[in-house]
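Residue numbers (the numbering used here): 18 to 108. Glycine residues also receive a C-beta, built at the ideal position from the N, C-alpha and C atoms.
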Amino acid sequence: MSAEHTVKIDLTLEASGRHLAFSKDLLEVAHVFRRVGGEAAPWQRVAVNARSPFLDTDAFAPGTLVEYYVQHETQQGEPEARSHVVSTTVG
18 MSAEHTVKID
28 LTLEASGRHL
38 AFSKDLLEVA
48 HVFRRVGGEA
58 APWQRVAVNA
68 RSPFLDTDAF
78 APGTLVEYYV
88 QHETQQGEPE
98 ARSHVVSTTV
108 G
């Protein structure tokens, strides 16, 4: 298994939602995870085998903390690498 936080991820705010761009090799499987409301909240997988860029258009109340990370897996489903966590507060 490769080192943690080797996946590049960028979060950009757009009018339609939160735009996530991440590195992904052709044969890699990438899942997007989201946590809403801070550390007490559970992580939820919001995209399976996502393509980059990924746009999260779910609506949240102003002031809500939203965090994301991307988990890469091999074609066999073995965890391979994980991005750092990116976050934003909904305006």
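Identity of the residue in the options nearest residue i by Cα
| i | options | result |
| --- | --- | --- |
| residue 100 | 43, 107, 87, 92 | 87 |
| residue 43 | 49, 66, 60, 72 | 66 |
| residue 63 | 35, 80, 41, 25 | 35 |
| residue 71 | 108, 83, 47 | 47 |
| residue 61 | 84, 76, 80 | 84 |
Strand pairing of residue i, partner residues [DSSP]
| i | result |
| --- | --- |
| residue 96 | 90 |
| residue 53 | 83 |
| residue 67 | In the DSSP output, where bridge partners are listed per residue, residue 67 has none listed. |
| residue 104 | 84 |
Which of helix, strand or coil DSSP assigns to residue i
| i | result |
| --- | --- |
| residue 35 | strand |
| residue 74 | coil |
| residue 19 | Only weak support exists for where residue 19 lies, its pLDDT of 42 falling under 50; the coordinates are left without a value. |
| residue 27 | strand |
| residue 58 | coil |
CB contact flag (residue i, residue j, <8 Å)
| i | j | result |
| --- | --- | --- |
| residue 50 | residue 69 | no |
| residue 82 | residue 55 | yes |
| residue 105 | residue 28 | yes |
| residue 45 | residue 95 | no |
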